[in-house]
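In what follows, a single structure is set out as C-alpha cells and then discussed.
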Amino acid sequence: MAALVLRLGAGLVVACGGALLASRLADMVQQARQRAQLGRTPCGNPLPREVHAVLPAAQTAKKRIIIVGDIHGSADELQALLDKLGYRQDEDLLLSVGDLVNKGPDSERVLKIALEEGMRPVRGNHDDSAYAAFRAWLDGTDIPKPKKQGWVAGLPEELAALLADLPYTLSLPAYGVLIVHAGLVPGVPLERQALFDMEKMRDVIPAAEERAADEAAAGLAAGNSVDSLPSGSFDWEACSVALVQLARSAPAPPSAEAAAGAGTADGGPSGSDSGSGSGSGSGSNDAPSEGAPASLLRPDLALLGREQPNPLGRAWAGVWSGQLPGQEGPLHVVFGHDAKRRLQLHRAATGLDTGCVYGGELTALVLPPLNEQRVPLLEDARLPPDAQEIALCSGLPAFLVQVPATGVHSNKFEQPVQQLKAAREEAAKRHTLAVLAAQHAQQAQQQQTGGSVQLGRAAADAATAAAAPKSAADKKDE
27 MAALVLRLGA
37 GLVVACGGAL
47 LASRLADMVQ
57 QARQRAQLGR
67 TPCGNPLPRE
77 VHAVLPAAQT
87 AKKRIIIVGD
97 IHGSADELQA
107 LLDKLGYRQD
117 EDLLLSVGDL
127 VNKGPDSERV
137 LKIALEEGMR
147 PVRGNHDDSA
157 YAAFRAWLDG
167 TDIPKPKKQG
177 WVAGLPEELA
187 ALLADLPYTL
197 SLPAYGVLIV
207 HAGLVPGVPL
217 ERQALFDMEK
227 MRDVIPAAEE
237 RAADEAAAGL
247 AAGNSVDSLP
257 SGSFDWEACS
267 VALVQLARSA
277 PAPPSAEAAA
287 GAGTADGGPS
297 GSDSGSGSGS
307 GSGSNDAPSE
317 GAPASLLRPD
327 LALLGREQPN
337 PLGRAWAGVW
347 SGQLPGQEGP
357 LHVVFGHDAK
367 RRLQLHRAAT
377 GLDTGCVYGG
387 ELTALVLPPL
397 NEQRVPLLED
407 ARLPPDAQEI
417 ALCSGLPAFL
427 VQVPATGVHS
437 NKFEQPVQQL
447 KAAREEAAKR
457 HTLAVLAAQH
467 AQQAQQQQTG
477 GSVQLGRAAA
487 DAATAAAAPK
497 SAADKKDE
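All residue numbers for the sequence shown refer to my numbering, where the first residue is 27 and numbers rise by one.
Here it is in C-alpha cells:
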C-alpha cells in the first residue's frame, strides 16, 4: 500500500510539474541561443579559446589514448581507473568526455588529478555550470548552494582556469574519432552545431514535426495517457539514406594538419584570447550563429536536438551514420552525458556515461597506439585482462575498461518520480514505434493493392483490345 501511495504521489508530481518543466526548458534553450549570439556558453561563460580542438596525428602517434567517461567528482574511482590502466603520462594521452565535477564527493580533487596528469577533457554541462558558479562567487554576485556547488568557493585559480578553457569537441584525425560531451545533430556541419546541443542533447526529433514533438513531450510530462500523445509520421529510413548521400556529396575540408596555425576565422565570435589553444594542435574557436539554418538535409528530413528523451525522437547516437558533412572518411563519436541509457555501443558512436556517481561504473575507452602507417600496436596497449574489445566505424579496434563505483553518491535514478518518468518515456517511445510500424504496414498494403488493381485493369484492357474487331489497317498489317 505504501508503495502504491508513493507511486501515486510521484505521478501527481510529474503531472503538476509538467507544464512548468516544459516552460523552463523552453526558456533555457532560448537563453542559450541568446548567449551564443553574444559569444557566450549556455551558462553565460566566455567562450574557450577553441570551440573545436584537434589533436593532430603527430601528437597522437605511438601514444595510447585513454578516454574517460563522466566522472562527476568521483575522485577515488578516477584514481582506481588510472591505476588499473597503468597510466603513464609520458606514454599515454588522457582525455575525457567532460562532466568532471558536481554530484560526487570530491570535485576539486578530480580537477587536481586532471591537471597533474595532463588530462584534456571536453566541456560538459556541469563543467560549464560550475565555472559560472565560480565566476558568480568571485564577483560576489551569488553564493553557491552548499549541496550543489558549494565546493567552487575558494577554488584555486589554476583549477578554475582548467574549467574555463575546455573545448566543446576534440578531434583525433588519426583514429577518425571525435569527442563531445552530449552529442551532435546528424546532418549539421561541425561548425554549425549548437553549443547547447553539444552540452545537453540526448535525442533528435524531426524538424518538420517539432511542434508535435514538443507537444508530445509536454503532454508526457503533464501525465497525459501515452496513446493520446501525437505520434508523427517521420520516415527515419529515408533520413538515414539522405545522411549517407549528404556525406558523399559534401566537399572534404582541408586536413587538420594542413589547417594548423590557421587561428581565428574572421568574423566569428571568440573567447578571451585568439589562437590555437594550449598545444592541442589546430582547431577553431568559431561558435555557431544560432539564426541561420544549420542542417544540410532537406527540410522534411532535417533533425533537431533535444535535451530530454522525446516520444517522437530517437537517441541521436543511434541515428548517427558515422559521417559528418564536410568530413573526409568515417567519424566515430565518443560521448557521455546520458547516464540513464548507460553504456551505448552503436556502430559509429560510443557512450561512456555508465553512471559512476549513481553507483554504476567509471568507464574508459582505450585506443591502442598507432605506428607511422596508422596500424594499431596492440602489444603496446597494456590492457587489463577484463578489457572488452569493440570496433570503431573506421575498423580500428578499441577497448572498454571499467572500475566499479565505491558507493552511491547520488540516488537520482532511484527516486520514484524519476523511475515513473523513465517508464513513461519508454512507453511513449514504444507507442510511437508501434504507430509508425502500423503506418508503414498500411502504406505497403495500399501499394500492393494499388499494384494489383493496376495489373487487373491492364489485363482487362488487353482482353478488351483482343476481342475488339480489327480494322482494315490491322488486317493489312497481318
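Where is the CB? At the ideal position from N, CA and C, for every residue including glycine.
Simplified DSSP state of residue i, which is helix, strand or coil
| i | result |
| --- | --- |
| Val206 | strand |
| Leu107 | helix |
| Ala291 | Residue placement at Ala291 is poorly supported in this model, since its pLDDT is 34, which falls under 50; the coordinates are not used for a value here. |
| Asp191 | coil |
| Val383 | helix |
| Gln219 | coil |
| Ser304 | Residue placement at Ser304 is poorly supported in this model, since its pLDDT is 39, which falls under 50; the coordinates still yield a value, given next. Looking at Ser304 - three-state DSSP - the assignment turns out to be coil, as it is neither helix nor strand. |
| Val434 | coil |
| Pro402 | strand |
| Gln349 | coil |
| Thr389 | strand |
Contacting residues, own chain, Cβ-Cβ under 6 Å from residue i (five flanking each side not counted)
| i | result |
| --- | --- |
| Ile231 | Ala239, Leu330, Arg332, Asn336, Leu338 and Gly339 |
| His372 | Ala343 and Gly344 |
| Glu451 | Pro335 |
| Ala242 | Leu255, Pro256, Pro337 and Leu338 |
Residues of its chain near residue i, where Cβ-Cβ distance is below 8 Å and the 5 sequence neighbours each way are ignored
| i | result |
| --- | --- |
| Asn128 | His98, Gly99, His152, Ser155, Ala156, Lys174 and Gln175 |
| Thr86 | Leu119, Leu198, Ala200, Tyr201 and Leu396 |
| Glu143 | Leu108, Tyr113, Gln115 and Leu120 |
Rounded straight-line distance, which links the Cα of residue j to that of residue i
| i | j | result |
| --- | --- | --- |
| Leu192 | Lys226 | 15 Å |
| Ile576 | Ala101 | Residue 576 lies beyond the residue range present for the chain, which begins at 27 and ends at 504; the question has no answer from this structure. |
| Gly70 | Arg149 | 14 Å |
| Ala320 | Gly433 | 42 Å |
| Tyr194 | Gln468 | 44 Å |
| Gly258 | Glu235 | 7 Å |
| Ser22 | Leu272 | The requested residue 22 is not part of the displayed model; the chain covers only 27 to 504. |
| Val211 | Trp346 | 8 Å |
| Trp163 | Leu181 | 10 Å |
| Leu221 | Gly65 | 10 Å |
| Gly166 | Pro147 | 28 Å |
| Cys265 | Lys89 | 37 Å |
| Asp132 | Leu141 | 15 Å |
| Pro113 | Glu183 | Note that residue 113 is Tyr in the sequence shown here, rather than Pro. If I take the Cα positions, the gap works out to 26 Å. |
| Leu246 | Ala448 | 11 Å |
| Ala83 | Val401 | 12 Å |
| Leu216 | His358 | 13 Å |
| Ala186 | Leu73 | 14 Å |
| Leu459 | Ala268 | 21 Å |
| Leu350 | Leu393 | 21 Å |
| Trp262 | Gly348 | 16 Å |
| Leu126 | Ala79 | 18 Å |
| Gln472 | Asp379 | 44 Å |
| Ala328 | Glu405 | 44 Å |
| Lys171 | Leu137 | 20 Å |
Residue i, enclosing alpha helix (DSSP H) - first and last residue
| i | result |
| --- | --- |
| His363 | Unbroken run through His363: none, as it is neither H nor E. |
| Arg135 | Ser133 to Glu142 |
| Pro410 | Unbroken run through Pro410: none, as it is neither H nor E. |
| Pro430 | Careful: Pro430 lies outside any alpha helix (DSSP H), inside the beta strand (DSSP E) at Pro423 to Pro430. |
| Pro256 | No alpha helix (DSSP H) contains Pro256, which DSSP labels as neither H nor E. |
| Pro26 | Past the edges of the chain, shown from 27 to 504, lies residue 26, and the structure says nothing about it. |
Residue range of the beta strand (DSSP E) that includes residue i
| i | result |
| --- | --- |
| Gly331 | Leu329 to Arg332 |
| Arg90 | Arg90 to Val94 |
Selection from the options that minimises the alpha carbon distance to residue i
| i | options | result |
| --- | --- | --- |
| Gly95 | Phe160, Ile205 and Leu185 | Ile205 |
| Leu426 | Ala390, Arg456, Arg450 and Ser436 | Ala390 |
| Leu107 | Glu217, Ile93 and Gly348 | Ile93 |
| Arg408 | Ala233, Glu117, Ala84 and Ala87 | Glu117 |
| Gly421 | Asp406, Pro356 and Ser436 | Pro356 |
| Glu124 | Ala83, Val360, Leu327 and Leu255 | Going by the sequence as given, residue 124 is Gly instead of Glu. Nearest of Ala83, Val360, Leu327 and Leu255 to Gly124, Cα basis: Val360. |
| Arg536 | Ser122, Glu184, Arg228 and Glu241 | Examination of residue 536 is not possible in this model, given that the chain is present from 27 through 504 alone. |
| Ser197 | Gln473, Leu323 and Val77 | Val77 |
| Asp109 | Gln471, Pro410 and Gln473 | Pro410 |
| Leu189 | Arg161, Val214 and Gly209 | Arg161 |
| Val252 | Thr376, Thr380 and Ala454 | Ala454 |
| Ser254 | Asp223, His457, Arg237 and Glu398 | His457 |
| Gln370 | Glu354, Leu350, Ala341 and Ala248 | Ala341 |
| Ala374 | Arg237, Leu418 and Asn250 | Leu418 |
| Arg135 | Val178, Pro170 and Ile169 | Val178 |
| His207 | Glu241, Ile416, Ala365 and Asp261 | Ala365 |
| Asp326 | Leu126, Asn250 and Ala233 | Ala233 |
| Leu403 | Gly386, Ile416 and Ala424 | Ala424 |
| Gly362 | Leu185, Gly377 and Asp412 | Gly377 |
| Glu354 | Asp406, Leu462 and Val270 | Val270 |
| Leu322 | Val214, Ala470, Gln474 and Thr475 | Val214 |
Same chain, Cβ closer than 7 Å to residue i, five either side skipped, listed in chain order
| i | result |
| --- | --- |
| Glu103 | Cys382, Leu388, Val429, Ala431 and Thr432 |
| Gln465 | Ser259 |
| Ala158 | Cys69, Gly70 and Asn71 |
Chain B within 9 Å of residue i, Cβ atoms only
| i | result |
| --- | --- |
| Ala244 | Here chain B cannot be found, since the structure has a single protein chain. |
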